[in-house]
Each structure stands twice: as structure tokens, then as C-alpha cells.
Amino acid sequence: MAGYCASRIRNVTLAGHAGSGKTSLVEALAYRTGASDRLGKIAEGNTISDYDPEEVKRKASLGTTLVSLDWLDTKLNLLDTPGLFDFAGSVAESLRACDGAVITVSGKSGVTGGTVKAYEAAVENRKARLFVVTKLDAEHADFYKVLEDLKAQFGPSICPLVVPVGEGGQIESYINLFRGKAFTYDSKGVASEIEIPDIKHRFEGLMTAISEAVAETDEALFEKYFSGESFTDEELIGGIRKGVASGELTPVYCVSSANLGGVDMVLDAIVNLLPAPDASQELAEDETGDPVEVACDEAAPASCYVFKTIADPFVGKMSYIKVVSGRLASDTTLVNRTTGVPQRMGKLFTLRGKKQIEMEAAQAGDIVVASKLAANTFDTLSAAEFPVVYARPKLPKPCYFMAVTTDGKADDSKVSGALARLLEEDLTLSFQQDPDTHEQVLGGLGEQHLDVAVSKLKDKFGVSVTLEVPKVAYRETIRKKVKVEGKHKKQTGGHGQYGHVWIEFEPCDSDTLVFEENVFGGSVPRNYFPAVEKGLQECVHKGVLEGYPVVGLKATLVDGSYHPVDSSEMAFKMAASIAYKAGMEQASPVILEPIGMLKAVVPDKNTGDLIGDMNKRRGRVLGMNPAKAGYTEVEAEVPMAEMHDFTTVLRQMTQGMGEFELEVCRYAVKG
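With this note's numbering, the residue at position 531 of the sequence shown is 533, and numbering never jumps.
Structure follows, in C-alpha cells:
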């Protein structure tokens, strides 16, 4: 594929709710541009984007796919992202590298939680936005109802530019409002201009909506509109472009991906309305940590960053790279600013799904894929004379955890290495050994996220694992002070064993054993004090109730006796162990459970549901605070033993709009 200058490149993330038509839209765009000679279907498992076996099996996107197309002498780097909430990290990665977002909305399902999430993510990342209403060929699809929902949800910035004529899956034509033309489409998506159909009162209302949205983008246009004057075509188009670039205006288009209606106008919109990479500067830090802005300049020293990694056991590591400045070729040597090690680039590709198209070089602003690069996701690579580090995006943290067990001993040695490869690919996964329960715990964003990870382990790396609910890290402690005796005496011929101690056990505020000695008169020689403490330290790993570690325990050695021949360190360790067991049993032992501090942000309408759920989980609501518009933050303390399925329940309760953070804050007596 030939190189493109930055002004002729568009890097676009396709986002939206699961099932809203992102992959089908990419398929239609590829077919209309001639990049594909057939129109694949998700149900048949032959789309360009969803080529991974796991995606074909589940009939859903599970990771970001790069599809590069050509339209109007412009290279379109389309990043098709998953709509499932469990894979929200892929959207964050893609938005980091793109300049605009196309958000798909099903003409049948309308505005959903995934629509709002995608829009909010684009706004947070300051990306230009474009809505595309899809599935107009579906029965009961209603573009105008969806348009009203968009306006109600996102306000006056919503600006319809292409609208359909017809309803209920029977679309007769498409009207391009700001060009003042109407079109019908043949089976190959080729448009034929027709006279604008009479859509009665709707046409005037839609044109008024466009004019009002454009008026908000410029003070002079605002005054002209409210003085009663009409905009010229140049003012209308210029205002729309300016509004999209600034984020003040969000155009709405519509398509039928199956029938290819309106697809060419979406391609035109990507080229003409969404910004090129050179329209803004990239924020970075120099070698002293001071912020700098890097222009998208081909003549500048080369710099880039990895925004996605694919770990494939056969192909090797594939790194998706955004070239920010300069020119990147296969023989370019750059410094990895994370490791400080110089690296020579290998072969460079652009991708069209799984199809690799080799490139000699990539210019500033382009997205390219490098194979077998020794770099991780969000590493910065730059020329030796240009020491900059690009900012890392904020990714969602793992919130759903399961314990990993292997199906056989042969897999034990493989599982850590295979999971390390998966963690390179997906930064929203976590894997660690719990120091309390000694379980290997895999974390992710939801049940389906971990299910896919397990499938990849088996299919890609040949490692079979099973997921189980992780154990809760309980503790034991005591509630009263006691004084007990521990005596170990054994005579077996020759030297015997003799150790004798009196120890006071009492509660204290400490996560570890507090040991003191208060012995008078040499009843226990000082050289045996360490043995007594060591014996107790070994004992507190297991309590007397359920064998959980003991906390909040203070032990004071107050008295004892010894034998000048038979006493030894081992004997006093045994005596301390006997005293520990007796003391714990007499000191009213109890089990402590971990209590988590929950901070959940939910839509206002779901606040009552969340509080009710907290009561069912033995939680205690501490307070409620206003969050962003329409949301409330609920703070609560809740036993960790009750929270394993909270991720799933909260997502169902709020239709995916709720978020939370949960950390262990203290231990309390188990209720």
C-alpha cells in the first residue's frame, strides 16, 4: 500500500453497544471501497473484522481489528472495537490512537448503555464524533425515534445530516440534507440521484435542527441565524466541519449495511468531516518530565507508540503502532523509552482484518503494525535525539476475579507463561498469587472476559485451566486476656527434653504477632526467648477455629522454668506451641472477615436498587454523593465474601452504566 501524508489519513474508532452493527458496517465500507469482493456476514463467520476463531464461535467482536481502506485518495484506518462491556479496554486503546469516533446505534434497539459509554469515552478523550444509525433494513427499525432519543440523551449538538425515506425495514431512498440531494442504491451500493421526496413537515424541522446546530459553532453564524437569514452552502458545510472538529456538533448518518444504502455517504463523512492526524498535536513529556506538544510532522525526528499488542504463538508478537512524527521504515532504529534499549524495526504492515499488506514505510499520522517488536503496549519509541514519552490512557481496572486451577500437573508449568502472554495482549487482565489463600487468581472485567481468556489459553497455548470462586481470606483473633502454661517434658534415655513457659495472651491492634518478655529472676534464660518467639510465630499461621491466620495477638512471656541439661531451643519452641493452643482456646477466639470499601457510581434512578442490594449483602451504606450529571456515588462497607458476583449484578441493574471500586479496608468479626 502506498504511503499517505497526514492530511490524507483518517484514523477512526468504531464503537457502540454490542450488536449495534459495527462489524457489519466495516464489512459494507470495505465492500463499497473495493477492498473486499464479497459482503461477509457475522452469522456465517466470514467477516473481515471478526476472523479470530473465538469471535467466529461467539459471533461477536472480542478485540480490536484494524481494517485499512482507500476512499477519495485518503487512507482510512478503521479500528473495529468490541461492544461488550467486558472488553472496554479495547475501546480505550483504540481511542488513544484515533482522531475520530464513529458510534453505531441500532435503528431497532435505539440508544442503549453501550451508546452512552462510547459517546462519553469519545468526549473524555476529546475525539470528534459521528453517529451512524444502522440496521434500517430490520423490521420495526425507526430512524426518527432513534434521532429523538439521541437528542434527548446528548442534547442540541445532535445534527442529522442524512435521513432515510421509508420505515419498518422498507427504505426507499436517502436524503443528504446539507447537500440538498436524495439517492437510491443498487445491490452494489452505487447511488443514483433522484428528486428529493416529499417528507412533509419533517424536512423543514430537520433543516432547522441543522441550522441551529451550526449556529452554535460560531458567533457570527449565531447572529446571522437569529436575525432570520439563511446560511449559504459554504457556511453550512464550514460550520459543520468546525463544529465536528471542536466537539460542539455530532452529525447523524444512517445506513443499511446489508443493502449498502447510504454507505458511500458515511465514507464521505469520514473523509470530509472527521479530522486528519495533523489537525492537532500529541501531548508528551520530555526527558526532564516537562510536558511538550509534538506536531504530526513528517520532517521531524521519528517518534511513535504501541497502542495494542497481539500475542500469537505461531506468528509471534504483533505491535499496533501510531506514528506521531517523522517517518518509520523497516530499517529504522529507535530507542524504547521504557527500557532505554535501541530497537531496529522489522517488517511493517497495514492490516485488512487478518490480511497483511506489507509497507515500505509509514508517515507521521499513520497506523502500522510491526512484527516481533520487543516492546509492550503503550511503550514509546523515538529517535535517539528526540527523547519524548507519550501519555498512557486510563484503562478500566479488573473487577471480577476467579481462582485458576489446572487440569493436570503438566499444565502447572505452562500456565504462568501462557497467562503472561495474554497479559501482554490485554492490559485489563491481571494474574497473581494470593499470599493469604495461596491461590492463583485471574482478574478481568467480567465473566465473559475471563471465559474468553480461558478459551484462548487452551486454543492458542494448549493450556487447560478451570475457574473457581476464590477463597475468602478470613482471619482469627481473640477477645479477652488469658494467662496459660505450656510445658514440654520428655524423657527417652540420655538427654531428655524440657521447656516450661507461662505466657499471657491478649488482644491488640496489629496485623502481626506482638511478642514481649517480662521475666524476672532468670526463670527462663534469655537465650531461650528467641525460641519462644519463633515457636509462636510459626503457630499464628493457623488459628484454632478454622485454621486461618491469627491477627491482633500480643504474647508476653512472664515466667517458666528450665533444666540445665534437658532444656533446648526446640523444647521451648514446643512449650510455646502448647501454650499458644491452650491460650487461643481460652481467649474467646473469633473469625474475622475482610470488609471492603465500595464506591459505586450509578445512574440516579438506580440508587435505590443499589442500596437494596447492599442490604442483602450485609453491607452498611455510609453516604451518597453527587457524581457527574445524572449519577450518584454510593459509599458503603460490605463483606468481601458477599461481593463475588457484584460486577455482574451491577451491570444488569444499571444496563452497563454503573461503575465501582472495591478495596479491603479492614477486618471485622464475621456476622
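No residue lacks a Cβ here, since even glycine has one placed at the ideal position from N, Cα and C. Computed from a predicted model, the values in this text were never measured in an experiment.
Any heavy atom of the ligand ATP within a distance shorter than 8 Å of the CB on residue i?
i, result
"I613", "Only the bare structure without any ligand can be found here, which leaves the ligand ATP out of the picture."
Using a Cβ-Cβ distance cut-off of 9 Å, determine whether residue i contacts chain D.
i, result
"S418", "Note that chain D does not occur in the displayed structure, where there is just one protein chain."
Are the CB atoms of residue i and residue j nearer to each other than 9 Å?
i, j, result
"V69", "R354", "yes"
"V268", "V93", "no"
"T15", "T83", "yes"
"V467", "L459", "yes"
"T479", "V553", "yes"
"S258", "T136", "yes"
"V1", "A629", "Absent from the model: residue 1. The displayed extent of the chain is 3 to 673, so no value can be given."
"K489", "V534", "no"
"Y307", "Y392", "yes"
"K492", "F463", "no"
"A286", "V273", "no"
"Y146", "V165", "yes"
"L425", "S305", "no"
"V636", "G598", "no"
"G115", "H19", "yes"
"S457", "G445", "no"
"E218", "E250", "yes"
"Q450", "L97", "no"
"L447", "P398", "yes"
Put residue i into one of helix, strand or coil per three-state DSSP.
i, result
"R339", "coil"
"N520", "coil"
"E449", "helix"
"M645", "coil"
"G109", "coil"
"G115", "helix"
"M347", "coil"
"K356", "coil"
"N378", "coil"
"S418", "helix"
"C161", "strand"
"P55", "helix"
"F233", "coil"
"A123", "helix"
"F2", "The shown model of the chain, from 3 to 673, leaves out residue 2, and the question about it has no answer."
"K544", "coil"
"N627", "strand"
Is residue i buried or exposed, if buried means 16 or more other CB atoms sit within 10 Å of its CB?
i, result
"T252", "buried"
"N79", "buried"
"M645", "buried"
"H502", "buried"
"S175", "buried"
"N13", "buried"
"P605", "buried"
"N178", "buried"
"G263", "buried"
"P199", "exposed"
"E141", "exposed"
"A17", "buried"
"T106", "buried"
"A422", "exposed"
Which residues does DSSP pair with residue i in a beta bridge?
i, result
"I186", "Before going further, note that residue 186 is Thr rather than Ile in the sequence given. DSSP lists S194 as partners of T186."
"L736", "Because residue 736 is not part of the residues shown, which for the chain are 3 to 673, the question remains open."
"H565", "Bridge partners of H565: none, in fact."
"Q435", "Q442"
"G18", "T106"
"S258", "G263"
"L132", "V104"
"P596", "Y669"
"V370", "I323"
"S384", "S305 and V337"
"P175", "The sequence as given places Ser at residue 175; Pro does not occur at that position. BP columns for S175 point to V167."
"N79", "N13 and S70"
"M404", "L444"
"A313", "K319"
Decide yes or no for the touch test of the region 553–562 against the region 499–516: beta carbon pairs closer than 8 Å, at least 3 of them.
-> Output reads yes: the region 499–516 touches the region 553–562.
The region 178–192 touching the region 123–132, judged by at least three CB pairs closer than 8 Å = no
Between the region 238–255 and the region 152–164, do at least 3 Cβ pairs fall closer than 8 Å?
-> yes
Is the region 402–411 touching the region 339–358 in the sense that three or more CB pairs, one from each, lie closer than 8 Å?
-> Output reads no: the region 402–411 does not touch the region 339–358.
Do the region 215–231 and the region 187–205 touch if we need at least three Cβ pairs shorter than 8 Å?
-> no
Okay, do the region 364–371 and the region 345–354 touch, 3+ Cβ pairs below 8 Å being the bar?
-> yes
Do the region 27–41 and the region 230–240 touch if we need at least three Cβ pairs shorter than 8 Å?
-> no
Does the region 43–51 come within contact of the region 60–74, defined as at least 3 CB pairs closer than 8 Å?
-> Yes, since at least three Cβ pairs between the region 43–51 and the region 60–74 fall closer than 8 Å, the two stretches touch.
Would you check if the region 512–528 and the region 584–599 touch, i.e. whether three or more CB-CB distances between them fall below 8 Å?
-> no
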